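Read through the structure below, which is laid out as structure tokens, and then see the notes.
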Amino acid sequence: MTIPDKKTLRIRIQILLTILFIIGVCILFYFAEENLNSYMIRILSLIGIFAIMAVSLTLINGVSGMLSLGHAGFIAIGAYVAALLTMSVQQKEASFILMGVAFPINTQALSSIPFFWATLAGGSVAALMAFVVGWPTMRLSGDYLAITSLGFAEIIRIFLLNWNRITNGSLGLKGIPSYTNIWWSWGWLLITLLVIGSFAKSSYGRALRAIRDDTIAAKAMGINVFKHQLASFVLGGFFAGVAGSLYAHWLTSIDPKPTTLGIMLTFNILIMIVLGGLGSLSGAVIGAGLFAVLSEFLRFVESDMTLFGFTIAGISGMRMLVFSALFILIMIFWQKGIMGRNELTWNGLYRVIGKFKKGENHGE
Amino acid sequence: MENKAKKPILTIDQMTMRFGGLEAVSDFSAHIQPGEILGLIGPNGAGKTTIFNVITGVYQPTRGHIYLNDQAIDHYEPHFITHFGIARTFQNIRLFQTMTVMENLQAAMHHELSNIKPDKIMQKRKQTKKGASDWWFWKAIFKLGYFKKESEQREKAAYILEKLGMLKHKDELALSLPYGEQRKLEIARALATTPQLLLLDEPAAGMNPSESVALMNLVRNIRDTFNVTVFLIEHDMKFVMGLCERIIVLDYGKAIAMGDRAHIRSNPKVIEAYLGEEWKDVIVG
Chain A
0 MTIPDKKTLR IRIQILLTIL FIIGVCILFY FAEENLNSYM IRILSLIGIF
50 AIMAVSLTLI NGVSGMLSLG HAGFIAIGAY VAALLTMSVQ QKEASFILMG
100 VAFPINTQAL SSIPFFWATL AGGSVAALMA FVVGWPTMRL SGDYLAITSL
150 GFAEIIRIFL LNWNRITNGS LGLKGIPSYT NIWWSWGWLL ITLLVIGSFA
200 KSSYGRALRA IRDDTIAAKA MGINVFKHQL ASFVLGGFFA GVAGSLYAHW
250 LTSIDPKPTT LGIMLTFNIL IMIVLGGLGS LSGAVIGAGL FAVLSEFLRF
300 VESDMTLFGF TIAGISGMRM LVFSALFILI MIFWQKGIMG RNELTWNGLY
350 RVIGKFKKGE NHGE
Chain B
0 MENKAKKPIL TIDQMTMRFG GLEAVSDFSA HIQPGEILGL IGPNGAGKTT
50 IFNVITGVYQ PTRGHIYLND QAIDHYEPHF ITHFGIARTF QNIRLFQTMT
100 VMENLQAAMH HELSNIKPDK IMQKRKQTKK GASDWWFWKA IFKLGYFKKE
150 SEQREKAAYI LEKLGMLKHK DELALSLPYG EQRKLEIARA LATTPQLLLL
200 DEPAAGMNPS ESVALMNLVR NIRDTFNVTV FLIEHDMKFV MGLCERIIVL
250 DYGKAIAMGD RAHIRSNPKV IEAYLGEEWK DVIVG
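Keeping their order, the protein sequence lines are chains A and B. Per numbering that gives the first Met the number 0, the first sequence runs over residues 0 to 363. Per numbering that gives the first Met the number 0, the second sequence runs over residues 0 to 284.
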């Protein structure tokens, strides 16, 4: 055609660059594991887990434009299913002191399962729940979906709180093997990014963005709105479940408090994706990284401080106050978040570099 | 297109649409011949857009039926109707604003990937919609044979854009286009769904006289290039009189006149009920 395309790299070069980038990150992690202390390593794995949560919610909230506040519900399902599968029989009998373990959970067949399969199972059950919840609620939109999904997450939590013989009620699960390390969490993040990124960039992702922009027009252009939104909800739910499994094996003890696997977690993830830019997958990863690093880094405001010879006792919870203030500032001055709706791509980088040395030699 | 067979492409058979106590359209019947440009005019609130909404499946008619090539389509949802080959534009522009022009067209081609359960209509259409399969979802995720499909889509989109003189805008965001171009993009996007019948809802709204003359030529060109039948709603009398081969006049949900330009011009009912005495000069002259 007469109009040339924007400057782009060939697809093979892009794939090659991506593979090189992944190898580079692997080498970095290898050295990190050798040299950094275990606290740092734990934070690194947490970033990976948060990033999976944020990316899966970005697919639902940002790309598809459905305001779902029930993400913690899927995470909780994934966490409980996977944790119950990896714990050993002895561990279960020791921790279920309230009413004992119900039948299928206490068998050898459903205990001490390898981490990968347990995670996959957690994700699948979460995806199934997303389907069951999504089927009636995807017909809703906007605020209604937000309230329904919020209610769903709360129902899940209440279930976990009261189903004593399966979930150990309010005591939660303790002594979950701490399988999650940076390889597991970042490996799953890679899979998440590949699958969700591929989905969002495909014709299906385009259809979802069309639905987000104008539902009525999307219908008139032959897009089955219900099916596409449900597909995105289920895919998001699956990876939320995966993240839940990783999170459970990172925390090693989980309970149905609102702060661990409840509404607080949903809002934290929302903060991450809004910070990174609603609708951008790379933004979600950046937002998750920033959130994890900041929430650890800001611990210093909670410690005792000495100012001009006076010692001020540390106030616990101060961290969240500073966080909220930062968040409000970002929302005022940087409304679209860090990435907006753009993605970090090799082509984007190529163009930026091209701008720096323009006029030299790019006449191909 | 076979000229000898004058079988209507779309038949509206005694269609009545009622909202509660209000009868928006009553006993409306019409035939649309393949390849023609048919205009629908009438004062505000006459039920013109309601007819479009019923054809495209937004509403189910209270009574009566709609047939596309002899198949009843009045109980299908909007996305099926598009799949069967009817595309539309909107009175108030409804583009996918945060997407580029190219992406707008590709989103409209997306339905070709979906596998719609075969029924009578689909068996007929299936031959023309090649490559629909159950596996596109997985193919799209794992990129198996997907890049080829994508480049096919882009080629087709570029062809449509070129015909409409919009190729230079292909990487611009839809919302950054000027108003007239947005109107044209709506038409381009509708064409991207590979329609047999194109419904245009006030395509010239908000355009200045020279733009609407250009649009007239464009609509004629589209009809000839893409082999579509055009059914349009318009307020601008000059536009309708200059473009449409047949015109239906609607008033209070009833068709009060139907026929070619000369017939409409001279019909006293039309002049009295809709156009008013002062318009007589404009139309006859």
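Every residue gets a Cβ at the ideal spot worked out from N, C-alpha and C, and that includes glycine. Because the structure is a prediction, the values reported are computed rather than measured.
Are the region 178-186 of chain A and the region 37-52 of chain B touching, with three or more C-beta to C-beta distances below 8 Å?
no
For Thr224/B, count the other beta carbons within 10 Å of its own beta carbon; 16 or more makes it buried, fewer makes it exposed. Which is it?
What you label residue 224/B is simply residue 225 of the second sequence in a count that begins at 1. Answer is exposed; the Cβ neighbour count stays below 16.
Establish whether the CB of Ile190/A and some CB of chain B are separated by less than 7 Å.
Here residue 190/A is taken as the residue at index 191 of the first sequence, counted from 1. False, the Cβ-Cβ gap to chain B never drops below 7 Å.
Could you check where the beta strand (DSSP E) with Glu22/B kicks off and where it finishes?
Here residue 22/B corresponds to residue number 23 of the second sequence, with the count starting at 1. That run of the beta strand (DSSP E) goes Leu21 to Ile31.
Segment limits, alpha helix (DSSP H) that includes Thr421/A
Because chain A in this structure spans residues 0 to 363, residue 421/A falls outside the shown range and cannot be described.
At a Cβ threshold of 7 Å, is Lys218/A touching chain B?
Counting from one through the first sequence, the residue named residue 218/A turns up at place 219. By this cut-off, Lys218/A is an interface position.
Measuring CB to CB, does Thr61/B end up less than 7 Å from Arg93/B?
Along the second sequence, read from residue 1 onward, the residue named residue 61/B stands at position 62. Along the second sequence, read from residue 1 onward, the residue named residue 93/B stands at position 94. No; because the gap between Cβ atoms is not below 7 Å, this pair is not in contact.
Report yes if the CB atom of His110/B is closer than 7 Å to the CB atom of Gly221/A, and no otherwise.
One-based indexing of the second sequence puts residue 110/B at position 111. One-based indexing of the first sequence puts residue 221/A at position 222. For His110/B and Gly221/A, yes; Cβs fall inside 7 Å.
Give, in chain order, every unbroken run of the alpha helix (DSSP H) that is at least 4 residues long and sits entirely within the region 136-183 of chain B.
145-162
Output the boundary residues of the alpha helix (DSSP H) element that contains Tyr143/A.
Counting from 1 along the first sequence, the entry for residue 143/A is found at position 144. Unbroken alpha helix (DSSP H) run through Tyr143/A: Gly141 to Asn161.
Within 7 Å, strictly: CB atoms of Leu245/A and Ile48/A:
For the purposes of this step, residue 245/A is taken as the residue at position 246 of the first sequence. For the purposes of this step, residue 48/A is taken as the residue at position 49 of the first sequence. Yes, these two residues count as a Cβ contact at 7 Å.
Cβ-based neighbour list, Tyr178/A, same chain, cut-off 8 Å, excluding 5 preceding and 5 following:
Position 179 of the first sequence holds residue 178/A. The residues are Thr85, Phe114 and His248.
Less than 6 Å between the CB of Leu293/A and some heavy atom of the ligand GDP, yes or no?
Inclusion of the ligand GDP in the displayed structure is not the case, the ligand content being empty and no account of it being possible.
Can we say the region 50-62 of chain A touches the region 279-296 of chain A, given the rule of at least three CB pairs closer than 8 Å?
yes
Does DSSP put Met137/A in a helix, in a strand, or in coil?
Counting from 1 along the first sequence, the entry for residue 137/A is found at position 138. DSSP places Met137/A in coil when its eight states are reduced to three.
Taking the beta strand (DSSP E) that Asp250/B belongs to, which residues open and close that run?
Reading the second sequence from its first residue, position 251 is the one you call residue 250/B. Run containing Asp250/B: Arg245 to Asp250, per the beta strand (DSSP E) assignment.
Residues of chain A with a CB under 7 Å from the CB of Arg87/B: which are they?
Against the second sequence, residue 87/B aligns to sequence position 88. Those within 7 Å of Arg87/B in chain A are Ala219.
If you follow the beta strand (DSSP E) that Asp213/A is in, where does it begin and where does it stop?
Residue mapping note: residue 213/A aligns to position 214 of the first sequence, counting from 1. Taken as a continuous stretch (DSSP letters only), Asp213/A belongs to no beta strand (DSSP E), as it is neither H nor E.
Say whether chain A places a C-beta atom closer than 7 Å to the C-beta of Met98/B.
Start at 1 with the first residue of the second sequence, and residue 98/B comes out as number 99. Chain A, which has a Cβ nearer than 7 Å to the Cβ of Met98/B, makes this yes.
Quick one, which of Ala107/B, Gly34/B and Leu196/B has its alpha-carbon nearest Lys5/B's?
Taking the second sequence and counting its residues from 1, the one referred to as residue 5/B is at position 6. Minimum Cα distance to Lys5/B is reached at Gly34/B.
Check for me: the beta strand (DSSP E) holding Ile255/B runs from which residue to which?
In the second sequence, counting from the first residue as 1, residue 255/B sits at position 256. Per DSSP, Ile255/B belongs to the beta strand (DSSP E) from Lys253 to Asp259.
Of the choices Phe230/B, Ala213/B, Thr192/B and Met215/B, whose alpha-carbon is the least far from that of Asp200/B?
To locate residue 200/B, count along the second sequence from 1; it is residue 201. When only C-alpha atoms are compared, the closest one is Phe230/B.
Answer with yes or no whether the minimum CB distance from Ile222/A to chain B is below 7 Å.
In the first sequence, counting from the first residue as 1, residue 222/A sits at position 223. Yes, contact with chain B.
Residue-chain proximity (Tyr203/A, chain B), Cβ-Cβ < 7 Å:
As a position in the first sequence, residue 203/A is number 204, starting the count at 1. Closer than 7 Å: yes.
Name, please, each residue of chain B whose Cβ falls closer than 8 Å to the Cβ of Ile272/A.
Within the first sequence, residue 272/A is the residue found at index 273, counting from 1. Correct list: empty, because the minimum Cβ distance to chain B is about 17 Å.
As an exercise, report each continuous alpha helix (DSSP H) stretch of at least 4 residues that is fully enclosed by the region 275-310 of chain A, in chain order.
280-296
Endpoints, alpha helix (DSSP H) assigned at Gly47/A
By one-based count along the first sequence, residue 47/A stands at place 48. Counting along the chain, the alpha helix (DSSP H) containing Gly47/A begins and ends at Ser37 to Leu56.
Out of curiosity, what's the CA-to-CA distance linking Gln181/B and Phe237/A?
One-based indexing of the second sequence puts residue 181/B at position 182. One-based indexing of the first sequence puts residue 237/A at position 238. Rounded to the nearest angstrom, the two C-alpha atoms are 38 Å apart.
Residues of chain B with CB closer than 8 Å to the CB of Ser197/A, please, in chain order.
Taking the first sequence and counting its residues from 1, the one referred to as residue 197/A is at position 198. Per Cβ cutoff of 8 Å: Ala139, Ile140, Phe141 and Lys142.
Distance check for Phe266/A and Phe322/A, CA to CA, integer angstroms please.
Your numbering for residue 322/A matches position 323 in the first sequence. Your numbering for residue 266/A matches position 267 in the first sequence. Roughly 13 Å between the two C-alpha positions.
His64/B in three-state terms, based on DSSP
Numbered from its first residue, the second sequence carries residue 64/B at position 65. Reduced to three states, the DSSP call for His64/B is strand.
Short-range partners of chain B found in the region 301-322 of chain A, where Cβ spacing is below 8 Å:
none
Would Gln181/B count as contacting chain A if we go by Cβ distances under 7 Å?
Here the question's residue 181/B lines up with position 182 in the second sequence. Judged by the 7 Å Cβ criterion, Gln181/B is not in contact with chain A.
Does the Cβ-Cβ distance between Ser252/B and Ala71/B come in under 7 Å?
On the second sequence, position 253 is the one that residue 252/B refers to. On the second sequence, position 72 is the one that residue 71/B refers to. What sits at residue 252/B in the sequence shown is Gly, not Ser. Taking 7 Å as the Cβ cut-off, Gly252/B and Ala71/B do not qualify as a contacting pair.
Is there a Cβ from chain B that is less than 7 Å from the Cβ of Ala206/A?
Translated into positions along the first sequence, residue 206/A becomes position 207. Yes, because at least one Cβ of chain B sits closer than 7 Å to the Cβ of Ala206/A.
Could you say if the region 120-130 of chain A and the region 225-243 of chain A meet the contact criterion of at least three C-beta pairs nearer than 8 Å?
yes
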